[in-house]
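Here is the structure we will look at.
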Amino acid sequence: MTMPKTKLLFDRYNLNLAGEYRVAAELLLRGVFATVTYGNKKGADIFAIGENRRAAVVEVKASQKNRFVTGLYQKYPDPEKPHPDFWVLYSVARRGEVFEEHFFVLTHAELAQIQGKRNCHGEELTYEEYAARVKKGVDNVRVDDVKAFKGAWDKVLEFCNDKL
Numbered sequence: 464m465t466m467p468k469t470k471l472l473f474d475r476y477n478l479n480l481a482g483e484y485r486v487a488a489e490l491l492l493r494g495v496f497a498t499v500t501y502g503n504k505k506g507a508d509i510f511a512i513g514e515n516r517r518a519a520v521v522e523v524k525a526s527q528k529n530r531f532v533t534g535l536y537q538k539y540p541d542p543e544k545p546h547p548d549f550w551v552l553y554s555v556a557r558r559g560e561v562f563e564e565h566f567f568v569l570t571h572a573e574l575a576q577i578q579g580k581r582n583c584h585g586e587e588l589t590y591e592e593y594a595a596r597v598k599k600g601v602d603n604v605r606v607d608d609v610k611a612f613k614g615a616w617d618k619v620l621e622f623c624n625d626k627l
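If you're matching positions, the sequence shown starts at 464 in the working numbering and goes up one per residue.
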């Protein structure tokens with residue numbers, strides 16, 4: 464029996480918080496300690512810490528649609544300034560009583576490259592050139608842009624468990 468497609472309209476706050484907890488849970492299940500940070504001026508959504516105490520900063524973006532608002536170049540215009548180590552884009556939809564979830568795991572550099580090409584219609588530019596072109600507006604990527612990174616948790620696990 465196929466369940467009818469229904470829209471689940473989470474409010475933005477609950478959707479984002481649910482995404483952060485779901486990502487933390489996925490990391491914990493994979494053996495990496497993960498803690499959600501709180502507050503409206505926080506510098507990271509999640510800190511993921513491996514057995515060797517190497518920590519990763521994880522930015523989470525949650526969406527019920529086919530795109531994720533990243534704000535990458537508006538928030539991180541300088542590649543030399545602190546930025547997340549990883550981005551996890553969490554997609555959730557409701558099909559009847561079942562939740563369909565997908566996680567897309569990217570390094571900051573991977574997402575910056577994808578975001579830049581999306582913003583500049585495939586042009587190959589430097590990080591700084593991409594950032595200069597999109598000072599205004601808000602960056603976003605589509606699921607199709609990041610589908611190759613679905614379930615790519617290994618990069619976070621390897622980073623956190625690497626010896627310093």
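Ideal placement from N, C-alpha and C gives every residue a C-beta, glycine not left out.
Measuring C-alpha to C-alpha distances from Asp602 to each of Tyr539, Glu543, Leu491, Leu620 identifies Tyr539 as the nearest.
Asn529 sits exposed, since fewer than 16 C-beta atoms from the chains shown fall within 10 Å of its C-beta. When only Cα atoms are considered, Gly494 and Val551 end up about 17 Å apart. CA-to-CA, the gap between Arg581 and Glu587 works out to about 11 Å.
In the DSSP assignment, Arg558 falls within the beta strand (DSSP E) that extends over 549-558. When DSSP states are grouped into helix, strand and coil, Ala595 belongs to the helix group. Per DSSP, Glu543 is not a residue of any beta strand (DSSP E), being assigned neither H nor E. Inter-segment contact for the region 543-558 and the region 568-583 is present: three or more beta-carbon pairs are separated by less than 8 Å.
The beta carbon of Gln578 lies closer than 7 Å to those of Thr533, Leu535, Tyr536, Asp602, Val604 in the same chain, with the five residues before and after it left out.
In the three-state reduction of the DSSP assignment, Val619 falls in the helix class.
Ranked by how close their Cα comes to the Cα of Gly482, the residues Arg517, Phe496, Val521 have Val521 in first place. By the neighbour-count criterion, in which 16 or more other beta carbons inside 10 Å mark a residue as buried, Phe510 falls on the buried side. Sorting Ala518, Asp508, Leu491, Thr570 by C-alpha distance to the C-alpha of Asp625 places Ala518 at the top.
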